[in-house]
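First comes the structure, then the notes that go with it.
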Amino acid sequence: MSNNVYANEADALEMSRPENPAPTAPTAADFPGSTPGPWREYAPEIDGVVTPFYRFIDGGDGCGNAEFGYHGFHLSGYIHESDARLMAAAPDLLALARQYASECGECDGSGLVTVHIPGNEGVPAIDYDDQPCPDCADIRAVIAKATLSSAEGGK
Ligand SMILES: [Zn+2]
């Protein structure tokens, strides 16, 4: 029962009936992508006081299991405003990185190129297919770092 999510004892009793299978704790599979933007950051007023280095960062519709219709997060803590602003800009930065990678002129957005090694003095030329594109490998590495899948990051 430790992996069940109940709001209170009455909900637990209702959910324990065979016709109402108990929800299970969310897993990574419940969140196939990051919380859609926009994300927000701000210094909240608490008891009439705003502390510039105490900030909230949140996005989406709330915290919890996507199965229940919401997908999001809320963080709070002591953090410099510039770091909080960078975190809140993450969805926009990721979208731009994906756009630039998809528009790469060297690989037509595939992330892969064929490297041609010319022949020389009787040694035949060789083509190496599916090599990482040198023009967008760095941005694809950033995308892979920011996402659960390295598939869109290229090879
Ligand atoms: Zn490229």
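Residue numbering for the sequence shown follows our numbering, beginning at 3 and increasing consecutively.
Even for Gly, the Cβ is constructed at its ideal location relative to N, Cα and C.
(1) Taking Cβ positions, are P46 and E83 nearer each other than 9 Å?
(2) What's the call for S4, buried or exposed, on a 16-neighbour Cβ count within 10 Å?
(3) Do S84 and ligand 1 come close, with the Cβ less than 8 Å from some heavy atom?
(4) May I ask you to check if the CB of I144 is nearer than 8 Å to at least one heavy atom of ligand 1?
(5) Just verifying my parser: in three-state terms, what is the DSSP assignment at I145?
(6) On the three-state DSSP scale, how would you describe S112?
(7) Given Y102, which residues of its chain have a CB within under 8 Å of its CB, disregarding the five upstream and five downstream residues?
(8) Since Y44 contacts Y80 with CB under 8 Å, what's their CB separation in whole angstroms?
(9) With a threshold of 8 Å (Cβ to nearest heavy atom), would V117 be considered close to ligand 1?
So, to answer that:
(1) no
(2) Because S4 sits at a pLDDT of 39, beneath the cut-off of 50, its placement in the model cannot be relied upon, and the point is left open.
(3) If you check the C-beta of S84 against ligand 1, you find no heavy atom less than 8 Å away.
(4) According to the sequence as given, residue 144 is Val; it is not Ile. No.
(5) helix
(6) Here DSSP, grouped into helix, strand and coil, assigns S112 to coil.
(7) C138, I141
(8) That belief does not hold up - the Cβ atoms of Y44 and Y80 are roughly 14 Å apart, past 8 Å.
(9) no
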